[in-house]
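Have a look at the structure below before the remarks.
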Amino acid sequence: MSKYFISFSPGAYCGIFLLVLAAAATAMGQNKFTISGTMKDKSNGETLIGASIYVKQSPSSGAVTNAYGFYSITLPQGLYTIEYSYIGYEKIVKDIDLDGNATVNVELPVLSRVLDEVKIVDESRISTSRNFEMSVNKLDIKTIQKLPALMGEVDIVKSLQFLPGVSQVGEGSSGFNVRGGSVGQNLVLLDEAPVYNSSHMLGFFSVFNPDAVKDVKLYKGAIPAEYGGRISSVLDVRLKEGNNKKTEVDGGVGFIFSRLAVQGPLVKDKSSYLIAVRRSYIDGLSTLLTSNNFGLNFYDITLKTNYTLNQKNRLYLSGFFGRDNFGLSDDAKFNWGNKSGTLRWNTVLSSKLFANVSAVFSNYNYNLGFNQDENNKYSWSSAISNYVVKPDFSYFINSNSEVKFGLESSYYQFNPSKTVGTTNGETVDSSQPKKYALEMAGYISHRLKVGSKLEFQYGIRFSYFNYLGPGTAYIYNDTIAGRKRTAIAQRQYKSGQSIASYSNPEPRMSAKYQITDQASIKASFSRTAQYVHFISNTSASNPLNIWTPSTNNIKPAVGNQYTLGYFTDLGQHAEYEFSAETFYRTTTNEIDYINGAELLNNDRLEGDLLSGNGRAYGLELYLQKKKGVITGWVSYTLSRSELKVDGINNGKWYPTRFDQTHNLKVIASYTINQKWSTTADFAFTTGTPTTYPNQRYLSQGILIPYNTTNARNDARLTPYHRLDLSLRMEGKTINKKGLARKNHDFWVFSIYNTYGRKNAFSTYFSQSTDRVTSYQPIQTQAHRVSIIGSMVPSVSYNFKF
197 MSKYFISFSP
207 GAYCGIFLLV
217 LAAAATAMGQ
227 NKFTISGTMK
237 DKSNGETLIG
247 ASIYVKQSPS
257 SGAVTNAYGF
267 YSITLPQGLY
277 TIEYSYIGYE
287 KIVKDIDLDG
297 NATVNVELPV
307 LSRVLDEVKI
317 VDESRISTSR
327 NFEMSVNKLD
337 IKTIQKLPAL
347 MGEVDIVKSL
357 QFLPGVSQVG
367 EGSSGFNVRG
377 GSVGQNLVLL
387 DEAPVYNSSH
397 MLGFFSVFNP
407 DAVKDVKLYK
417 GAIPAEYGGR
427 ISSVLDVRLK
437 EGNNKKTEVD
447 GGVGFIFSRL
457 AVQGPLVKDK
467 SSYLIAVRRS
477 YIDGLSTLLT
487 SNNFGLNFYD
497 ITLKTNYTLN
507 QKNRLYLSGF
517 FGRDNFGLSD
527 DAKFNWGNKS
537 GTLRWNTVLS
547 SKLFANVSAV
557 FSNYNYNLGF
567 NQDENNKYSW
577 SSAISNYVVK
587 PDFSYFINSN
597 SEVKFGLESS
607 YYQFNPSKTV
617 GTTNGETVDS
627 SQPKKYALEM
637 AGYISHRLKV
647 GSKLEFQYGI
657 RFSYFNYLGP
667 GTAYIYNDTI
677 AGRKRTAIAQ
687 RQYKSGQSIA
697 SYSNPEPRMS
707 AKYQITDQAS
717 IKASFSRTAQ
727 YVHFISNTSA
737 SNPLNIWTPS
747 TNNIKPAVGN
757 QYTLGYFTDL
767 GQHAEYEFSA
777 ETFYRTTTNE
787 IDYINGAELL
797 NNDRLEGDLL
807 SGNGRAYGLE
817 LYLQKKKGVI
827 TGWVSYTLSR
837 SELKVDGINN
847 GKWYPTRFDQ
857 THNLKVIASY
867 TINQKWSTTA
877 DFAFTTGTPT
887 TYPNQRYLSQ
897 GILIPYNTTN
907 ARNDARLTPY
917 HRLDLSLRME
927 GKTINKKGLA
937 RKNHDFWVFS
947 IYNTYGRKNA
957 FSTYFSQSTD
967 RVTSYQPIQT
977 QAHRVSIIGS
987 MVPSVSYNFK
997 F
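For the record, in the sequence shown the residue sitting at position 331 is 527 according to our numbering, with numbers rising by one throughout.
Structure representation (structure tokens):
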């Protein structure tokens with residue numbers, strides 16, 4: 197099927213799309229009018245994402261709010277009863293006599309009484325079987341707070357790893373892997389700003405402060421056309437806007453760090469602010485408990501403000517600043533961090549047309565320094581900066597038809613290595629020149645309901661990438677596959693000159709067929725292109741990994757993913773939800789490395805890189821219990837992730853470092869009463885692929901193990917499994933009148949890795965010195981490295997007022 201897509205020109209794609217769109221957008225009757233508006237939380241003015249609008253007289257004409265709380269429905273003239281609802285809020289019902297376009301803004305009150313029933317995990321505003329989206333998981337903060345967590349600190353990225361198709365190579369690794377892809381193949385967005393390293397403390401915690409986050413959405417497949425630039429997944433994290441009614445304070449104190457978030461009105465009902473900070477204190481504890489200060493700490497600051505210009509226009513400004521510091525002594529320092537800023541303008545151009553225009557800045561950098569004295573020191577740093585402008589539009593043709601379209605322009609500046617060393621007072625600068633690139637894209641998509649059972653979404657994204665000067669383009673010799681290539685020629689380019697350029701059409705298609713009221717079948721195809729590459733030859737990503745653009749020698753990676761799924765609600769009251777999804781993804785121009793590749797401070801890096809094809813396929817099963825005192829879910833993923841690269845494994849398919857055949861996750865939560873609840877989670881995954889030595893050689897009296905074959909990842913570490921437990925104790929939740937208290941606090945007691953499993957993170961080899969006689973051969977021993985090899989108890993206190 198993909199061959200047909202490849203043979204089409206961009207013009208053919210657009211022609212087909214416009215033809216279908218013209219057929220779908222049939223003329224509406226003259227007596228049809230539009231109801232549009234925004235849905236918000238009455239208590240704090242936050243817009244509600246994915247809230248439901250149900251029309252009693254025309255159920256198929258309902259809608260959900262978009263990412264900015266906006267909705268639009270078109271109906272014939274008449275009298276209607278419309279229900280506005282959202283999980284955890286009271287419903288509002290309005291009778292509307294529609295005889296012209298109307299603006300109806302709704303503020304939903306939070307449920308005033310404490311629910312006896314606890315709802316867990318990615319709750320849909322509509323039943324999953326009826327929701328159009330597939331391969332999408334949505335988490336709320338209340339869900340995340342109930343999960344057992346390392347050191348008692350809730351974490352968004354760690355919570356995602358309990359969902360089907362999401363994994364991690366082990367404790368202490370940054371980021372997450374989706375359907376066999378690498379960490380660098382995920383597009384991670386914080387209020388639309390790209391995040392290039394989503395972790396603190398070498399992967400133990402994420403950069404997302406849960407007190408500042410409003411919405412978390414992970415796209416594993418069927419990626420909408422408005423997203424691009426990565427071939428594996430999209431994690432879209434949206435920040436709270438800030439309470440525009442009253443001042444509110446959230447926070448928590450734990451073993452590792454403390455956090456505090458303050459939000460409130462600048463101008464009541466018109467403007468608000470949010471300030472959220474976190475700071476770890478491992479460095480202080482190490483100084484207090486030992487004679488050494490390990491210098492390990494992190495902090496982050498999340499900021500946001502907004503201003504409502506009028507009923508149709510609103511401005512937002514958000515920012516993030518985070519940094520990690522690590523040093524074993526005053527002479528050796530290592531730090532890394534992200535910073536980003538987003539300026540957004542929301543405008544309602546008409547009752548049918550909504551627009552969002554964003555200007556975004558993002559930067560990631562790290563620094564490594566050794567400073568013996570002024571005459572003997574060394575520093576090394578690397579960075580990537582990104583500047584983005586993007587207008588996005590949503591046009592609501594009618595209640596059964598919506599068109600989205602937009603543009604995106606992204607400018608990159610890469611600083612691969614700034615290296616300065618001083619020895620005996622003599623300074624040598626071996627820095628590499630900066631690299632520059634421009635990525636542009638345009639997209640259009642159409643969502644169409646056909647009757648009450650069938651729904652489609654089809655569209656195309658067209659992307660263009662230009663690697664720009666000033667810079668040097670190298671030409672490499674053709675050597676034996678898998679060997680280091682040598683540059684035999686080079687060409688210099690001036691500032692702004694095009695060194696290499698690429699373009700890709702990226703079609704996206706999805707369909708849903710409603711079999712019954714409780715069951716549906718969904719299918720999708722998506723093509724994605726990635727022009728910036730994440731360079732890492734370790735099994736787990738770390739802060740020293742680098743980003744590089746597509747060049748004349750590094751082509752963009754292109755992925756095609758096909759998905760098919762069955763979704764159903766089970767039980768008399770739909771208290772259970774089941775889904776089964778299959779996926780198959782092929783990729784071209786995936787990067788791997790020669791044996792002994794030099795990735796750091798290498799101005800001929802392209803000579804150490806290899807390019808090949810990839811494939812990943814699998815089955816994801818998911819069963820969730822949504823209602824009752826016992827809730828939770830079971831997710832199981834059976835999958836393979838493989839590469840085929842000339843010069844590796846004799847040109848045959850081999851497992852990627854992220855291949856996990858079996859991945860089982862279980863979550864169970866029991867609400868004992870309104871004060872006490874407990875949660876347990878269990879994880880089991882197949883061991884991470886690795887390559888073991890098969891021979892050894894003697895060098896200066898040291899036996900060095902090595903591998904003489906061309907194989908890669910032909911062995912595995914031992915399976916990973918872990919059990920976590922937590923107990924949550926609520927403070928007083930209701931007052932004497934039986935209403936929810938405004939002030940709220942709770943304690944969380946947790947045990948991470950309850951039975952002290954020593955899960956293997958990696959393996960290293962050493963010589964055995966345990967010999968009876970000198971004639972006995974020296975033995976090489978394998979040693980398993982475990983990041984967390986014992987039970988870790990913790991307690992945290994959380995509050996809100």
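We put the CB at the ideal spot given by N, CA and C, even for glycine.
At the C-beta level, residue 499 and residue 523 stay beyond 8 Å of one another. Following the DSSP letters along the chain, one finds residue 609 inside the beta strand (DSSP E) bounded by residues 597 to 619. By the CB criterion at 8 Å, residue 494 and residue 551 fall outside the cutoff. Remark: three or more beta-carbon pairs, one from each stretch, lie closer than 8 Å, so the segment 326 to 346 and the segment 416 to 427 are flagged as touching. Within its own chain, the residues whose Cβ lies closer than 6 Å to the Cβ of residue 584, once the five positions on either side in sequence are excluded, are 556, 606, listed in chain order. Taking C-beta atoms as the reference points, residue 534 and residue 393 count as a pair closer than 8 Å. Under the three-state reduction of DSSP output, residue 446 falls in the strand class. In the DSSP annotation of this structure, residue 492 is not part of any beta strand (DSSP E), being labelled neither H nor E. Among the bridge pairs identified by DSSP, residue 813 is matched with 780, 836. With 16 or more other CB atoms across the displayed protein chains lying within 10 angstroms of its CB, residue 396 is buried. In the structure shown, residue 257 adopts helical secondary structure according to DSSP, grouped into three states. Around the beta carbon of residue 505, a 10 Å sphere encloses fewer than 16 other beta carbons of the protein chains shown; the residue is thus reported as exposed. Note that the C-beta distance between residue 839 and residue 794 is not below 8 Å. A direct Cα-to-Cα measurement between residue 438 and residue 618 gives close to 49 Å. Residue 340 and residue 371 have their C-alpha atoms spaced approximately 17 Å apart.
In the assembly as shown, residue 362 is a buried residue. Its beta-carbon has 16 or more other beta-carbons within 10 Å. Under the three-pair Cβ rule at 8 Å, the segment 228 to 238 does not count as touching the segment 555 to 573. Shown here for residue 293: same chain residues with a beta carbon closer than 6 Å to its own, the five before and five after excluded, namely 275 in chain order.
Assigned with DSSP and collapsed to three states, residue 515 falls in strand. With a 10 Å radius around the Cβ and a threshold of 16 neighbouring Cβ atoms, residue 295 comes out exposed.
The beta carbons of residue 771 and residue 823 sit closer together than 8 Å.
Look at residue 249 here: in three-state DSSP terms it is strand.
Rounded to the nearest angstrom, the gap between the Cα atoms of residue 917 and residue 955 is 7 Å. Of 666, 521, 921, the smallest CA-CA separation from residue 476 is found for 521. Closest by C-alpha distance to residue 614, out of 601, 405, 720, 579, is 579. Secondary structure note for residue 919: its beta strand (DSSP E) is the uninterrupted segment 916 to 926. Residue 504 is bridged by DSSP to 510. Here the C-alpha atom of residue 459 lies approximately 10 Å from the C-alpha atom of residue 441. For residue 354, the enclosing alpha helix (DSSP H) begins and ends at 352 to 356. Within the segment 328 to 397, complete alpha helix (DSSP H) segments of at least 4 residues are found at 337 to 341, 352 to 356, given in chain order. Residue state for residue 527 is assigned as coil, using DSSP reduced to three classes. Assigned with DSSP and collapsed to three states, residue 863 falls in strand. Boundaries of the beta strand (DSSP E) harbouring residue 743: 742 to 745, taken from the DSSP string.
By the criterion of a C-beta distance shorter than 6 Å, residue 259 is surrounded in its chain by 249, 267, 269, once the five residues flanking it on both sides are discounted. In the DSSP annotation of this structure, the continuous segment of the beta strand (DSSP E) that includes residue 566 starts and ends at 549 to 569. Per DSSP, the unbroken beta strand (DSSP E) holding residue 279 starts and ends at 274 to 281.
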